[in-house]
Amino acid sequence: MSAPDDRSAEGRGDPDRSRETSATTAWRDLRRFTDARVGLGRTGTALPTAAHLDFQEAHGRARDAVWSALDPAALRQALAPLGSPVLHVRSAAPERRTYLLRPDLGRRLAEGATLPSAPGSVAFVVADGLCATGVQRHAPAVLERLIPALPLPVGPILVAEQARVALGDEVGERIGAAAVVVLIGERPGLSATDSLGLYITWAPRRGRTDAERNCISNVRPGGLSYGEAAAKAAWLLRAAAGLGATGVALKDEMPAGVLPAP
Amino acid sequence: MAFAQTIGGTRYVFGDLKTLLARATPFRSGDALAGVAAASAAERVAAQRALADLPLAHFLDEAVIPYEADEVTRLILDRHDAAAFAPVRSLTVGGFRDWLLAAEPAAVTALARGLTPEMVAATAKIMRVADLIQVAAKCRVVTRFRNTIGLAGTLSIRLQPNHPTDDPRGVAAGVLDGLLLGAGDAVIGVNPATDNVEAVMRLLEMLDRVRDRFDIPTQSCVLSHVTTTMLAMERGAPVDLVFQSVGGTEGVNRSFGVSLALLKEAREQALALKRGTLGDNVMYFETGQGSALSADAHHDVDQQTIEARSYAVAREFSPLLVNSVVGFIGPEYLFDGKQILRAGLEDHFCGKMLGLPMGVDVCYTNHAEADQDDMDALLACLAAAGVTYVMGVPGADDVMLAYQSTSFHDGLTARAVFGKRAAPEFEAWLARMGIGADGDRIPARLSPALIGLT
Chain A
1 MSAPDDRSAE
11 GRGDPDRSRE
21 TSATTAWRDL
31 RRFTDARVGL
41 GRTGTALPTA
51 AHLDFQEAHG
61 RARDAVWSAL
71 DPAALRQALA
81 PLGSPVLHVR
91 SAAPERRTYL
101 LRPDLGRRLA
111 EGATLPSAPG
121 SVAFVVADGL
131 CATGVQRHAP
141 AVLERLIPAL
151 PLPVGPILVA
161 EQARVALGDE
171 VGERIGAAAV
181 VVLIGERPGL
191 SATDSLGLYI
201 TWAPRRGRTD
211 AERNCISNVR
221 PGGLSYGEAA
231 AKAAWLLRAA
241 AGLGATGVAL
251 KDEMPAGVLP
261 AP
Chain B
1 MAFAQTIGGT
11 RYVFGDLKTL
21 LARATPFRSG
31 DALAGVAAAS
41 AAERVAAQRA
51 LADLPLAHFL
61 DEAVIPYEAD
71 EVTRLILDRH
81 DAAAFAPVRS
91 LTVGGFRDWL
101 LAAEPAAVTA
111 LARGLTPEMV
121 AATAKIMRVA
131 DLIQVAAKCR
141 VVTRFRNTIG
151 LAGTLSIRLQ
161 PNHPTDDPRG
171 VAAGVLDGLL
181 LGAGDAVIGV
191 NPATDNVEAV
201 MRLLEMLDRV
211 RDRFDIPTQS
221 CVLSHVTTTM
231 LAMERGAPVD
241 LVFQSVGGTE
251 GVNRSFGVSL
261 ALLKEAREQA
271 LALKRGTLGD
281 NVMYFETGQG
291 SALSADAHHD
301 VDQQTIEARS
311 YAVAREFSPL
321 LVNSVVGFIG
331 PEYLFDGKQI
341 LRAGLEDHFC
351 GKMLGLPMGV
361 DVCYTNHAEA
371 DQDDMDALLA
381 CLAAAGVTYV
391 MGVPGADDVM
401 LAYQSTSFHD
411 GLTARAVFGK
421 RAAPEFEAWL
431 ARMGIGADGD
441 RIPARLSPAL
451 IGLT
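For the record, the sequence lines run as chains A and B.
In this text, residue positions in the first sequence follow this note's numbering: the first is 1, and each later residue adds one.
In this text, residue positions in the second sequence follow this note's numbering: the first is 1, and each later residue adds one.
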């Protein structure tokens, strides 16, 4: 893009000057419509210093969030009032670095895990994933709204450490669940380090692919609200029960009108 | 067929072609995760020497995944153009590298249909970064829909205005911001937060209204699953480009919920809409090293070779745009800035050699050992290599997908530093609208109020 400097044409006393000033404000005003980094201005072709350092700060915080840990005791306490048994499990990945490099270990339960049997139920896995902050903060509130709306019997809730989404397949299979809902910490971004994702898998068993799941993402204040996420999950579970499947076969055609207020 | 090479008094044996390719690959975490990486630096070089001595024609005799077992292998071999291959058919992989570095650009470009993905992947494995840049820069690939992408001296930008809840006004604000910073000639492409058909159609209609209102010579795309886009087309939505993520084996495509037959059907449906004014390249594909292993559909083939095979899938459908999402798949496949840099250049080289309009999402996630400095280095290398397009994300921060890519500013900088321009129709539009005449001002013709931002 060429950037000819036509400022010389804008002499002092230019009758359009005041209109241009308000137009300048309008570009920054785009921020009213989105949390994206719009209207940052520019110096030459680059970011102005303040915007550059804002980005660096956000990246630093996100990097730190990747290494945040789940507090299983506090989570179990927060989930206890929901009335389902709450258990604590770990994946086969012993710590964070191994977890990052070996996703296969994060998809398997550690040896020796004992799970209850709850055939035909919807089981829940509350998993740290790539950032524990969002799960810790939002999972109890989503489940509090989802569980009463379930079209199927309510199964156990498992708090899982160093876990990937597919850990739910082994959990669901061993429980004998009709479906598993994995509530998992999403990869931290710069604007949000507390985002929660919900992955719903019908007839969970080891070896399911991601095309056989439905996903609800960006659950957090400022993203999808707790109520919206719970309503959508309940809708998908009802549709999955009718279809006998989740994934690409199950199109999300939930009409917008049935969403509750946040 | 087995291969052997002795270096430093040790004899290394590689049981078959896919093992030879894997052991010859510069180190990356995904090949270690798959258990196919060389066990030592010496073994890697032994494999590279053995690979350099292999005749290119051998790739037509030994498939890395059996012909009977995989529709991507069948596509690759059935579509091979012997006449286009003729100029290099007698060369070894090493001889081919030498040939490419000395060849005239037109001769390199003319080979595309005569090359298989495995041939170009093998060649990339014995090339340095400088080689990958220099040879890719010789390839010329031009595609068209409402503008002309890939002409010499151009660098296009995909405007990526994602929003966490697909709010149409939030997306529109991102679109306007990008247009004001010269982005959007490759496509205005939104990744939707959900695959809800109604939400996807709302976005398609909004993007089309903005394009129409400002009369922008470009195309829009909502990057939903191909089946969702097909449903949207059935319901009359204004679909310019059909998007899909694809991979290099039948199994990874199955994990994405697609097949060659489904992609063909989607393309025909889009062609029937006749929305392109300058051309009929109606497909947009994304790929990325590691997706096959992630879906457990890699057949013990290294991730760079499988990535190149995904380009055979893409080229079958004459796409307008193809890009690797190189740093997006995660650190278990590309651990740090060094691995991402090389992989991005390999992907661009392989795509261009196979005749694709290749872009790269220069990006990383927050659990990778990488930062914006690494992206600056990759973007500069890609611009030097003549990359067709890169992404433009507000402030480089994708607030929906939670990763960092290149910003609108980065696109402007790359164009300025490397003397590149936007696609000609789009550049003329920027001038017509007064964009760039004053960096701080929104020209009246692009007033936010015109697209409902009041």
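Note that the Cβ used here is the ideal one computed from N, Cα and C, for glycine as well.
Predicted model only: the values in this text are computed from it and were never measured.
Is it right to say residue i is buried, meaning 16 or more other beta carbons lie within 10 angstroms of its own, or is it exposed?
i, result
"P81 of chain A", "exposed"
"P156 of chain A", "buried"
"L243 of chain A", "exposed"
"A102 of chain B", "exposed"
"Q339 of chain B", "buried"
"V35 of chain B", "Looking at the sequence itself, residue 35 of chain B is Gly, so the reference to Val does not match. Result: exposed."
"E479 of chain B", "Look at the range of chain B in this structure, 1 to 454, and you will see that residue 479 of chain B is not part of it."
"K264 of chain B", "exposed"
"D462 of chain B", "For chain B, the structure presents residues 1 to 454; residue 462 of chain B sits outside this window and is missing."
"K232 of chain A", "buried"
"K274 of chain B", "exposed"
"P192 of chain B", "buried"
"S245 of chain B", "buried"
"Q56 of chain A", "exposed"
"G327 of chain B", "buried"
"Q77 of chain A", "exposed"
"D31 of chain B", "buried"
"T43 of chain A", "exposed"
"T218 of chain B", "buried"
"V399 of chain B", "buried"
"R119 of chain A", "In the sequence as presented, Arg is not what sits at residue 119 of chain A; that position holds Pro. Classification of P119 of chain A: exposed, given that the 10 Å Cβ count is below 16."
"T148 of chain B", "buried"
"A130 of chain B", "exposed"
"E332 of chain B", "buried"
Spatial neighbours of residue i within its chain, please: CB distance less than 8 Å, with the 5 preceding and 5 following residues excluded, ordered by chain position.
i, result
"V135 of chain A", "L70, L75, V126, A127, D128, G129, L183, I184, G185, L196"
"E205 of chain B", "A237, P238"
"I157 of chain B", "G178, G182, A183, G184, D185, A186, Y389, V390, M391, G392, F408, G411, A422"
"T21 of chain A", "Unreliable positioning characterises T21 of chain A in this predicted model, as indicated by a pLDDT of 46, which lies under 50. A coordinate reading is not provided."
"P26 of chain B", "R44, K125, R342"
"A58 of chain A", "L190, S191"
"A83 of chain B", "G114"
"R74 of chain B", "Y67"
Hey, residue i and residue j are a contact pair by Cβ (cut 8 Å); roughly how many whole angstroms apart?
i, j, result
"L320 of chain B", "M283 of chain B", "7 Å"
"G395 of chain B", "L40 of chain A", "6 Å"
"S117 of chain A", "G176 of chain A", "6 Å"
"R145 of chain A", "A230 of chain A", "4 Å"
"R146 of chain B", "T277 of chain B", "5 Å"
"S255 of chain B", "A295 of chain B", "4 Å"
"P443 of chain B", "L30 of chain A", "With 8 Å as the limit, P443 of chain B and L30 of chain A do not qualify as a contact, their Cβ atoms being about 14 Å apart."
Which same chain residues, not among the five before or five after residue i, have their C-beta less than 6 Å away from its C-beta?
i, result
"A23 of chain A", "Below a pLDDT of 50, predicted positions are generally treated as unreliable, and A23 of chain A, at 49, falls in that range; no measurement from the model is reported."
"Y99 of chain A", "A93, G106, Q162"
"G137 of chain B", "Checking the displayed sequence, the identity of residue 137 of chain B turns out to be Ala instead of Gly. Taken in chain order, the residues that qualify are A385, G386."
"Y455 of chain B", "An answer regarding residue 455 of chain B cannot be provided, because it is not within the stretch 1 to 454 covered by chain B."
"G172 of chain A", "A123, V180, P204"
"F418 of chain B", "A383"
Give me, in chain order, the residues of the same chain whose beta-carbon lies closer than 7 Å to that of residue i; leave out the 5 immediate sequence neighbours on both sides.
i, result
"T228 of chain B", "D195, V197, V200"
"E212 of chain A", "T201, T246, G247"
"L91 of chain B", "L56, W99"
"S68 of chain A", "C131, A132, T133"
"R315 of chain B", "L354, G355, L356"
"G452 of chain B", "R169, A172"
"D35 of chain A", "S191, G222"
Could you tell me if the beta carbon of residue i falls within a distance shorter than 8 Å of some heavy atom in the ligand NAD?
i, result
"R254 of chain B", "The ligand NAD is absent from the structure shown, which contains no ligand whatsoever."
| task | Mind the definition here: the segment 119–127 of chain B touches the segment 302–310 of chain B only if three or more C-beta pairs lie below 8 Å; say whether that holds. | result | Result yes; three or more Cβ-Cβ pairs closer than 8 Å.
| message | If we require 4 or more residues per run, which alpha helix (DSSP H) segments fall completely within the segment 362–431 of chain B? | response | Segments of the alpha helix (DSSP H) lying fully in the segment 362–431 of chain B: 372–384, 408–418.
| query | Going along the chain, which residues of the segment 395–410 of chain B sit with their C-beta nearer than 8 Å to a C-beta in chain C? | reply | Any reference to chain C falls outside this structure, whose protein chains are A and B.
| task | Examine the Cβ distances between the segment 335–345 of chain B and the segment 379–387 of chain B and report whether three or more of them are shorter than 8 Å. | result | In this structure the segment 335–345 of chain B touches the segment 379–387 of chain B; the number of beta carbon pairs closer than 8 Å is three or more.
| field | beta strand (DSSP E) runs contained entirely in the segment 92–140 of chain A, provided each spans 3 or more residues | value | DSSP runs (the beta strand (DSSP E)) wholly in the segment 92–140 of chain A: 122–127.
| said: Between the segment 269–289 of chain B and the segment 45–53 of chain B, can you find at least three pairs of beta-carbon atoms closer than 8 Å? | reply: Contact between the segment 45–53 of chain B and the segment 269–289 of chain B is not established, with fewer than three Cβ pairs separated by less than 8 Å.
| Between the segment 364–373 of chain B and the segment 139–158 of chain B, do at least 3 Cβ pairs fall closer than 8 Å? | Taking 8 Å as the limit for Cβ pairs, the verdict is that the segment 139–158 of chain B does not touch the segment 364–373 of chain B.
| field | Segments of 3+ residues assigned as beta strand (DSSP E) that fall wholly inside the segment 188–221 of chain A | value | With a minimum length of 3 residues, the continuous beta strand (DSSP E) runs that stay inside the segment 188–221 of chain A are 196–202, 213–219.
| request: Identify every run of the beta strand (DSSP E) within the segment 157–231 of chain B, keeping only runs that are complete inside it and at least 3 residues long; order them along the chain. | output: Listed in chain order, the complete beta strand (DSSP E) runs (minimum 3 residues) inside the segment 157–231 of chain B are 187–190, 220–222.
| request: Quick one: which unbroken beta strand (DSSP E) runs of 3-plus residues sit fully inside the segment 52–79 of chain B? Chain order, please. | output: Entirely contained in the segment 52–79 of chain B, not one beta strand (DSSP E) run reaches 3 residues.
| said: Assess contact between the segment 248–260 of chain B and the segment 61–76 of chain B, defined as three or more Cβ pairs (one per stretch) separated by less than 8 Å. Is contact present? | reply: The segment 248–260 of chain B vs the segment 61–76 of chain B: in contact.
| task | Only counting runs of 3 or more residues, tell me where the beta strand (DSSP E) segments fall wholly within the segment 216–302 of chain B, in order along the chain. | result | Counting whole runs of 3 or more residues, the segment 216–302 of chain B contains the beta strand (DSSP E) stretches 220–222, 242–245, 283–287.
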